[in-house]
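S.K.: Read in order, the letters of the sequence shown correspond to residues 306 to 602 in the UniProt record's numbering.
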Amino acid sequence: AILVASSLATISEVIGELQRAAGATERLIELLNVENPIDSVKPPVADIHNLVPEISFVDVSFHYPSRPQQMAIRQLSLTAPRGKVLALVGPSGAGKSTIFELLQRFYDPQQGQICLGGVDIRHLTLKDLRNKMALVPQQPALFSSDVMHNIRYGRPDATDDEVILAAKQAHAHQFIESLPEGYHSFLGEKGVRLSGGQRQRIAIARAILKDPDILLLDEATSALDSESEHHVQQALEGLMRNRTTLIIAHRLSTIQHADNIAVMDAGAIVDIGDHQSLLHSCELYQRLVKLQFRQQN
Ligand code: ATP
Numbered sequence: 306a307i308l309v310a311s312s313l314a315t316i317s318e319v320i321g322e323l324q325r326a327a328g329a330t331e332r333l334i335e336l337l338n339v340e341n342p343i344d345s346v347k348p349p350v351a352d353i354h355n356l357v358p359e360i361s362f363v364d365v366s367f368h369y370p371s372r373p374q375q376m377a378i379r380q381l382s383l384t385a386p387r388g389k390v391l392a393l394v395g396p397s398g399a400g401k402s403t404i405f406e407l408l409q410r411f412y413d414p415q416q417g418q419i420c421l422g423g424v425d426i427r428h429l430t431l432k433d434l435r436n437k438m439a440l441v442p443q444q445p446a447l448f449s450s451d452v453m454h455n456i457r458y459g460r461p462d463a464t465d466d467e468v469i470l471a472a473k474q475a476h477a478h479q480f481i482e483s484l485p486e487g488y489h490s491f492l493g494e495k496g497v498r499l500s501g502g503q504r505q506r507i508a509i510a511r512a513i514l515k516d517p518d519i520l521l522l523d524e525a526t527s528a529l530d531s532e533s534e535h536h537v538q539q540a541l542e543g544l545m546r547n548r549t550t551l552i553i554a555h556r557l558s559t560i561q562h563a564d565n566i567a568v569m570d571a572g573a574i575v576d577i578g579d580h581q582s583l584l585h586s587c588e589l590y591q592r593l594v595k596l597q598f599r600q601q602n
């Protein structure tokens, strides 16, 4: 019995470690489709299919469980309207990434509601919720597998032709074809090394294949080489069309073209508007544009 108990302890430690590691590599738990205990908070009641792809935060407050003293989000209300692009900007630590974490329900807020099409996201299953959205992270994870599989992750039942079409739309087809074994080239730790911009285009192809109503984009902070930059921008424009998009923005061209920009500081929204109106009305925005968004395109 002792042996069993100790090996059980080891297993749970290993699972704990795996979960932490998974958190670090873009939430592998989600990839493995392991149901998270957060899912059982309330019984699912809403039918996902009829929901309007509009996101709203209603008076949301949140602190990370490990830091009860520090509010990461403070009484925040915000709407991302259907089919529009909402950019989130703000200094480091403002809470931009936390908004994405809450939307995907890696955590639930202690106060307030996050709604999809007017329905509290706690009333949806995690699977339905996460199927509605695709995340394009700053540094997409690649699996130790070939290019075909890496893109197909966006929709496991996609055919080879559908994968290739998605890669074309993501402006990735050309560089994939030039790899030693094309779509069968091996990626990951022991595989072909891709540049930052190429990895992003693989992630964009995944998202195109998934064809979600809602897009979460975390733009690269580091500059990509200018050819990649151009391709990534074009791929993103195609991806965003007709979808509800939230972007953690790091590029001047992104904020200039966003329908709305929410300026965040210390977990709260300081101001919302388009680029021109915020340049006139919001001192923090003026400062961010001068410091964070200078020297770009
Ligand atoms: P950046 O631009 O640097 O990515 P951000 O605007 O995305 O910043 P968040 O990462 O959302 O900001 O952080 C908001 C606050 O929550 C910060 O004070 C941060 O230190 C804290 N925080 C973020 N992630 C965690 C975590 N996993 N555990 C505890 N605190 C966290």
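Glycine included, every Cβ here is placed at the ideal spot set by N, Cα and C. From a predicted model like this one, the values you see are computed outputs, not experimental measurements.
Measuring only the C-alpha atoms, how far is Q443 from A385?
M.R.: As a first step, residue 443 must be located in the sequence shown, where it is residue number 138. As a first step, residue 385 must be located in the sequence shown, where it is residue number 80. When rounded, the distance between both Cα atoms is 21 Å.
S.K.: What are the start and end residues of the alpha helix (DSSP H) that includes V394?
M.R.: Translated into positions along the sequence shown, residue 394 becomes position 89. It is not in any alpha helix (DSSP H) - V394 instead sits in the beta strand (DSSP E) that spans 390-394.
S.K.: Could you tell me whether any non-hydrogen atom of ligand 1 is closer than 6 Å to the CB of S371?
M.R.: Translated into positions along the sequence shown, residue 371 becomes position 66. At least one heavy atom of ligand 1 is nearer than 6 Å to the Cβ of S371, so yes.
S.K.: Does the beta carbon of K401 fall short of 6 Å from some heavy atom of ligand 1?
M.R.: On the sequence shown, residue 401 is found 96 positions in, with the first residue counted as 1. K401: yes, Cβ under 6 Å from ligand 1.
S.K.: Compute every distance between the C-beta of S366 and the non-hydrogen atoms of ligand 1, then say whether any falls below 6 Å.
M.R.: Counting from one through the sequence shown, the residue named residue 366 turns up at place 61. Because no heavy atom of ligand 1 lies under 6 Å away, the Cβ of S366 does not count as near it: no.
S.K.: I'd like the list of long-range same chain contacts for residue 294, defined as Cβ closer than 7 Å, with 5 residues on each side in sequence excluded.
M.R.: The structure shown does not extend to residue 294, since the chain is modelled only from 306 to 602, so the question has no answer here.
S.K.: Suppose you measure from the CA of E588 to the CA of G501; what does that come to, to the nearest Å?
M.R.: Mapped onto the sequence shown, residue 588 falls at position 283. Mapped onto the sequence shown, residue 501 falls at position 196. Their backbone Cα atoms lie some 33 Å apart in a straight line.
S.K.: In three-state terms, what does DSSP make of N547?
M.R.: By one-based count along the sequence shown, residue 547 stands at place 242. In the structure shown, N547 sits in coil (DSSP, three-state: anything other than H, G, I, E or B).
S.K.: Please look up how many angstroms separate the CB atoms of S366 and G417, rounded, as I've assumed it's under 8 Å.
M.R.: The count along the sequence shown starts at 1 and reaches residue 366 at position 61. The count along the sequence shown starts at 1 and reaches residue 417 at position 112. Their Cβ separation, rounded to whole angstroms, is 6 Å, which keeps S366 and G417 in contact under 8 Å.
S.K.: Hey, would you say R379 sits closer than 7 Å to A510, going by beta carbons?
M.R.: Taking the sequence shown and counting its residues from 1, one reaches residue 379 at position 74. Taking the sequence shown and counting its residues from 1, one reaches residue 510 at position 205. Not closer than 7 Å, so no.
S.K.: Report the option in S483, H555, E532, L520 whose CA atom is closest to the CA atom of F405.
M.R.: Within the sequence shown, numbered from 1, the residue matching residue 405 stands at position 100. Closest option to F405, Cα to Cα, is L520.
S.K.: DSSP state of E340, grouped into three classes?
M.R.: Your numbering for residue 340 matches position 35 in the sequence shown. With a pLDDT of 47 at E340, under the threshold of 50, the modelled position of that residue is not reliable, and the figure given next carries that caveat. If DSSP states are grouped into helix, strand and coil, E340 belongs with coil.
S.K.: Does F405 come out as helix, strand or coil in the three-state DSSP assignment?
M.R.: In the sequence shown, counting from the first residue as 1, residue 405 sits at position 100. DSSP places F405 in helix when its eight states are reduced to three.
S.K.: Could one say the Cβ of L383 lies closer than 7 Å to chain D's Cβ atoms, at least one of them?
M.R.: This model lacks chain D altogether; it includes just one protein chain.
S.K.: Using only the heavy atoms of ligand 1, determine whether one of them is closer than 6 Å to the beta carbon of A377.
M.R.: For the purposes of this step, residue 377 is taken as residue 72 along the sequence shown, with counting starting at 1. It does: the Cβ of A377 is within 6 Å (strictly closer) of some heavy atom of ligand 1.
S.K.: Leaving aside the five residues before and after M376 along the sequence, list all residues of the same chain whose C-beta is less than 8 Å from its C-beta, in chain order.
M.R.: Locating residue 376 in the sequence shown gives position 71, counting from the first residue. The residues are S366, F367, H368, G572.
S.K.: Is S586 a contact residue of ligand 1, with contact defined as CB to any heavy atom under 6 Å?
M.R.: Numbered from 1 along the sequence shown, position 281 holds the residue referred to as residue 586. No, Cβ of S586 sits at least 6 Å from all heavy atoms of ligand 1.
S.K.: Should the stretch 574-584 be called in touch with the stretch 536-546, which here means at least 3 C-beta pairs below 8 Å?
M.R.: No: the two stretches stay apart, fewer than three of their Cβ pairs being nearer than 8 Å.
S.K.: Take K495 as the anchor and find which of A463, S586, D451, Q374 has the nearest alpha-carbon.
M.R.: In the sequence shown, the residue the question calls residue 495 occupies position 190. Of the candidates A463, S586, D451, Q374, the one whose C-alpha sits nearest the C-alpha of K495 is D451.
S.K.: Does any heavy atom of ligand 1 sit closer than 6 Å to the C-beta of G543?
M.R.: Sequence index remark: in the sequence shown, residue 543 carries index 238 (1-based). False, no ligand heavy atom lies under 6 Å from that Cβ.
S.K.: Flag S397 as yes when its Cβ comes closer than 6 Å to any non-hydrogen atom of ligand 1, and as no otherwise.
M.R.: Indexing the sequence shown from 1 puts residue 397 at position 92. Within the cutoff, so yes.
S.K.: Taking the C-alpha atoms as reference points, what is the distance between R435 and S402?
M.R.: The residue you call residue 435 lines up with position 130 of the sequence shown. The residue you call residue 402 lines up with position 97 of the sequence shown. Straight-line Cα distance between these residues: approximately 16 Å.
S.K.: Output needed for A540: all residues of its chain with C-beta closer than 6 Å, excluding positions within five of it in sequence on either side, in chain order.
M.R.: As a first step, residue 540 is located in the sequence shown; it is residue number 235 there, counting from the start. Excluding positions up to five away in sequence, the list reads A475, H476, R506, I509.
S.K.: DSSP on Q597, reduced to helix/strand/coil?
M.R.: On the sequence shown, residue 597 is found 292 positions in, with the first residue counted as 1. Three-state result, Q597: coil.
S.K.: For a quick check, are the C-beta atoms of R592 and L514 less than 7 Å apart?
M.R.: Position 287 of the sequence shown, counting from 1, holds the residue named residue 592. Position 209 of the sequence shown, counting from 1, holds the residue named residue 514. Against a cut-off of 7 Å, the Cβ pair of L514 and R592 comes out as no contact.
S.K.: Determine the closest residue to V537 out of D518, S558, L583, with distance taken between C-alpha atoms.
M.R.: If you number the sequence shown from 1, residue 537 lands on position 232. V537 has its Cα closest to that of S558, out of D518, S558, L583.
S.K.: From the DSSP output, in three-state form, read off I334 for me.
M.R.: Reading the sequence shown from its first residue, position 29 is the one you call residue 334. Its pLDDT being 46, under 50, I334 is placed unreliably in this model, and the coordinates cannot settle the point.
S.K.: Less than 8 Å between the CB atoms is what I'm expecting for S361 and C420, so what's the real figure, rounded?
M.R.: The sequence position of residue 361 within the sequence shown is 56, counting from 1. The sequence position of residue 420 within the sequence shown is 115, counting from 1. Correct: roughly 5 Å between the Cβ atoms.
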